[in-house]
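For the sequence shown, my numbering assigns the number 158 to the initial residue and increments by one for each residue that follows.
From the three backbone atoms N, C-alpha and C, an ideal C-beta is built for every residue, glycine too.
Below is one structure, written out as structure tokens; the observations come after it.
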Amino acid sequence: MHRLTALIYQKRRAWVIVLYLALLFSFMLFSVQQAGAADQSDSVPLVGEVLKNFPDKGRLLIKSVDGARQEVIISRDTELKGVLLLEEIKERQRVKVWYERIDGALQAVKIEVMAALGC
């Protein structure tokens with residue numbers, strides 16, 4: 158009887174450890190997903206046309222859909238999609254920019270160059 162009781166406790170202990178590790182792993186996955194979601198949700202999208210590109214200064218002047226002119230600051234951390242370098246972004250190209258407002262300036266988080274429509 159003593160061996161049976163010991164065996165039951167060993168199995169229970171193993172299940173507790175497995176359950177603990179599963180919960181820990183799922184919590185870590187959830188935390189990583191939430192961190193990635195925060196990056197996109199904290200930034201605001203801006204859609205418009207490039208008026209001027211200043212790659213040496215790391216800035217883009219964009220005319221938004223509503224006609225407002227916005228200067229966006231680009232850093233090394235800014236993700237570029239559709240181009241490899243900032244210099245490849247040409248005037249009159251349509252872009253979608255996700256940015257964060259930092260000290261009154263628009264800091265680009267991600268820039269997506271939209272595909273040109275037409276022939």
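The shortest CA-to-CA distance from arginine 251 to any of Ala265, Asp213, Ala273 and Arg169 is the one to Ala273. In the three-state reduction of the DSSP assignment, arginine 249 falls in the coil class, being assigned neither a helical nor a strand state. In this structure, isoleucine 259 and leucine 237 do not form a Cβ contact; the two beta carbons are roughly 19 Å apart against a cut-off of 8 Å. Under the DSSP definition of a beta bridge, leucine 203 partners with Val254.
Secondary structure at arginine 216: strand, using DSSP grouped into helix, strand and coil. For alanine 265, the enclosing beta strand (DSSP E) starts and ends at 262-270. Per DSSP, glutamate 244 lies in no beta strand (DSSP E) and is assigned neither H nor E. Rounded to whole angstroms, phenylalanine 182 and leucine 208 show a C-alpha spacing of 48 Å. It is roughly 27 Å from the alpha-carbon of glutamine 167 to the alpha-carbon of methionine 185. For the pair alanine 262 and glutamate 228, the Cα-to-Cα distance works out to about 8 Å.
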